[in-house]
Amino acid sequence: MPGSPNVLDLVHRSCTDVAAAHAEHVKIDDAAVSALAAELLQEREDVRAAVRGLPLPIKFSSLEQELTLLALYHLLDFGSGYDPLLTKTSGGRDARETLLFGLIGLHLGGTRMDHHKLKSFTMYDLYTTFNIEATQEVAVMPGVTMTKPGPLQPHAKALLTAINESGAALEEAGAKSPGELLLSLAEGLKKAGRTTAGAFVEELIDSLPGFRDSVLYDGRTLTLHRRAQNLAADLAIVYGGRDDRFAFSDVDQLAADSGATTIAVLRAKGVLQLSEELASTIDEGSELPAGPHERALRAAAVAACDRVVAAAAAQAAGSAEAAGPAAAAAGEEGEESGAAAGAGAAAAGAAAEAGKEGAGTGAGSTGPAPFRAVDVGAFLAFLTEEGRPLHGKITRHVTRDVTGY
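Note that this note's numbering has the sequence shown beginning at 1064, numbered continuously upward.
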């Protein structure tokens, strides 16, 4: 809201503070940050293109319908801690794949996901849509079984609560669907001259509480709002070019994804160094309870990606400064070194262009950066996809009963 602290500033600031307070167990390695920044600079075009929205091979009858599916995907994008269980019971799909498969099925089946449907969504609907079985049959004596809660019941209940409560919130807001709400929020912000990702995230978490993602850490509030920020990034980068209501001017202020995949990749890259106890818990596949260690991991992921962006900006600027004098000196040496001079000028131009492409995150960056924190988070996830360098080579931590990721 106008006059209140910018929610994105709160995200970066609180994550930096918590990461510093928990450095004994989760440390950010500056040398690895610099190395990752240099690596990503070599892939800067792919990094900038990493935010792709939902790769849906289907057609929509309206923008509202398309945004409804996008909003529901991000709203329900949690439960990664249940991936080991889901892959055994949901056709080999993890939480995200299960979610996407179900939403596509709803769309192709002609189900209108308005507030009436969301409010009345049942556990049976959840099972038929997402193939998530909340109960299991347990033998109590020969030939006799009893239905009892299954290991996926907490996840199923969390999904159902998010769906039902969002339906009620939409009705209260006077919006017939999630897509209509997004369009209404964006239109209102445009009229108020506040077409920013920060303002959009604030309005979204106020209108749909299911998107809220802030927790207590040692007496302070750790602000994350991962799913709301990811939705804002998709809207800006995928739709902003053709709809100025989503042309947010501060996409560079959005934080990197703070989910388990980002954390695992940063750890694989040596950026996050964990205490022996915490590393052992994760590597053994044991459940990491929601609490200080788990929250510190999320905070450190955001803070580390901010540092990567700042380091990349510094390296790009340094390359430009070094290339300029080198090119001039090469030019003075005469015709024999003309090729070297041309190469130096080209390098300087490339570095300068990289500096113009984006701004840093507001978490310590002092100049323009070749890419943004939200790009870094998306690219790190991209590296784990099938056929990519880190596919099957990272270990995600397992935390259940949280709706942040």
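Backbone N, C-alpha and C fix where the C-beta goes; we use that ideal spot for every residue, glycine too.
- A check of alpha carbon separations from Leu1163 across Thr1131, Phe1184, Thr1185, Met1186 identifies Thr1131 as the nearest.
- Judged by beta-carbon spacing, Val1264 lies beyond the 7 Å limit of Cys1368, meaning their Cβ atoms are not closer than that value.
- The residues Phe1263, Glu1266, Leu1267, Ser1270, in chain order, have a CB closer than 7 Å to that of Leu1248 in the same chain once the five nearest residues on each side in sequence are set aside.
- Under DSSP, the beta-bridge partners assigned to Pro1212 are Thr1198.
- Taking 4 residues as the shortest admissible run, the region 1128-1204 contains the following complete alpha helix (DSSP H) segments, listed from N- to C-terminal end: 1146-1152, 1158-1171, 1178-1183, 1186-1193.
- Between Glu1449 and Gln1216, the alpha-carbon positions lie close to 29 Å from each other.
- The Cβ atoms of Ala1441 and Val1114 sit closer than 7 Å to each other.
- The C-beta distance from His1088 to Ser1338 rounds to 4 Å, short enough to meet the 8 Å contact threshold.
- In the structure shown, the three-state DSSP call for Val1465 is coil.
- Around the Cβ of Val1207, a 10 Å sphere holds fewer than 16 other Cβ atoms; the residue is exposed.
- Under the 10 Å beta carbon count, Leu1287 is surrounded by 16 or more other beta carbons and is classified as buried.
- Fully enclosed alpha helix (DSSP H) runs of no fewer than 4 residues occupy 1241-1254, 1260-1270, 1289-1297 of the region 1240-1304, in order along the chain.
- Lys1090 carries a strand assignment under DSSP once its states are collapsed to helix, strand and coil.
- At the C-beta level, Ala1318 and Val1074 come within 7 Å of one another.
- 7 Å or more divides the Cβ of Phe1193 from the Cβ of Ile1226.
- Taking the C-beta atoms as reference points, Asp1140 is found no nearer than 7 Å to Thr1150.
- Relative to the Cα of Glu1347, the nearest Cα in the group Gly1354, Leu1233, His1460, Ser1077 belongs to His1460.
- Between Ala1295 and Ala1260, the beta carbon gap of about 4 Å places them in contact (Cβ cut-off 8 Å).
- Contact check for Ile1457 against Ala1331 passes: the beta carbons are separated by less than 7 Å.
- For Leu1446, there is no enclosing beta strand (DSSP E), as DSSP marks it with neither H nor E.
- In the structure shown, the three-state DSSP call for Val1365 is helix.
- Counting along the chain, Leu1317 sits inside no beta strand (DSSP E), nor does DSSP assign it H or E at all.
- Counting along the chain, Leu1351 sits inside no alpha helix (DSSP H), nor does DSSP assign it H or E at all.
- Per the coordinates, the alpha-carbon of Asn1069 lies some 25 Å from the alpha-carbon of Pro1355.
- If you look at Leu1071, you'll find it in the alpha helix (DSSP H) that goes 1070-1084.
- Annotated three-state conformation of Leu1453 is coil, per DSSP.
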